[in-house]
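What follows is a set of notes on a single structure, which appears directly below.
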Amino acid sequence: MIYLLKFGASFVLPPGIFFVCFWLLALYLWRRREIRAAAALLAVSGVFYLLSTGLVSSVLMGSLERAYDQPAEPAGDVIIMLGGGATADTPNMGELGNLCASPASRLLAAAELYGRLHVPVLVSGGQVYEDSGPEAVIARRELMRLGVPEQDILLEPDSLNTRQNAAFSGRLLRERGLSHPVLVTSAFHMERSVLNFEKEGFQVTAYPTDFRTGRRQSFHYNKLMPSTGALEDSVIVMREKLRSMVTRYLE
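Pasting the structure below:
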């Protein structure tokens, strides 16, 4: 009964309520014998509905996250952690600024790798918007709190996107004679990140983290209920594929 109530409630709030409205409108058009309009509305809303379900979004996200496996024995002469968003004015143990969820997960992985490899950690990411936080600066502070010595942290505080992450980080690596980076970023972001570093002449060891879906999937009817989280994951996959195409063929 609990699952059934959740399923029904998902069609009362967005995005579910929008699909109910679309389907009622399609029924109205069909009764007025505007068959083509009703069919078109059903087709478009049907696609968006499926993209909003966990059943579809988990398959799409899983296909992207499985592009690279996390190596059991990673090796390299530098760890690169890519930024992914930060707040500027939120409290953080007496200071201001926090990493968002994805880069926070990346940070933990970078700190754990440092404990195993004892090589420099390069944190890459600038202040993307006027009201967002300086990602690399905040990441350096958090790494130091986790026990990484300041002298072992390299700062790349200027990049605003993945392309610049790779270009600006590559410049720092060449200046310091580092050539075998272990790249840490979210699993959904890894394919495009590796491509950008390859364009800079670096063959990285991919170390994906921040997984958004599990490897093993099982069916439950609640995976057919629409949610903003599932729609976000579907959009992330489409965005990553589109940006990878741009990077590969246009940049």
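Just so you know, we're using the working numbering here: the sequence shown kicks off at 794 and counts up by one. In this text, a Cβ means the ideal position worked out from N, Cα and C, and glycines have one as well.
Nearest-angstrom beta carbon gap, residue j and residue i [assumed within contact, 8 Å]
i, j, result
"residue 818", "residue 834", "6 Å"
"residue 880", "residue 890", "6 Å"
"residue 917", "residue 895", "Not really, about 14 Å apart at Cβ, beyond 8 Å."
"residue 1021", "residue 858", "Not really, about 20 Å apart at Cβ, beyond 8 Å."
"residue 939", "residue 904", "4 Å"
"residue 1019", "residue 803", "6 Å"
"residue 845", "residue 878", "Not really, about 23 Å apart at Cβ, beyond 8 Å."
For residue i, three-class secondary structure by DSSP
i, result
"residue 1047", "For residue 1047 there is no data in the structure shown, the boundaries of the chain being 794 and 1044."
"residue 947", "strand"
"residue 1017", "helix"
"residue 1002", "strand"
"residue 813", "helix"
"residue 941", "coil"
"residue 806", "coil"
"residue 835", "helix"
"residue 1011", "coil"
"residue 972", "coil"
"residue 979", "strand"
"residue 925", "strand"
Sub-8 Å separation of residue i and residue j beta-carbons
i, j, result
"residue 984", "residue 959", "no"
"residue 831", "residue 822", "yes"
"residue 838", "residue 812", "yes"
"residue 910", "residue 946", "no"
"residue 1030", "residue 854", "yes"
"residue 907", "residue 914", "yes"
"residue 989", "residue 967", "no"
"residue 941", "residue 974", "no"
"residue 1017", "residue 808", "no"
"residue 962", "residue 943", "no"
"residue 970", "residue 928", "no"
"residue 932", "residue 874", "yes"
"residue 892", "residue 935", "yes"
"residue 1044", "residue 982", "no"
"residue 1015", "residue 841", "no"
Which ranges would you report for the beta strand (DSSP E) in the region 850-921 if only whole runs of at least 3 residues count?
With a minimum length of 3 residues, the unbroken runs of beta strand (DSSP E) contained wholly in the region 850-921 fall at 871-875, 879-885, 888-892, 914-917.
Between the region 973-990 and the region 1001-1016, do three or more beta carbon pairs fall short of 8 Å?
Here the region 973-990 lies against the region 1001-1016, with 3 or more beta-carbon pairs under 8 Å apart.
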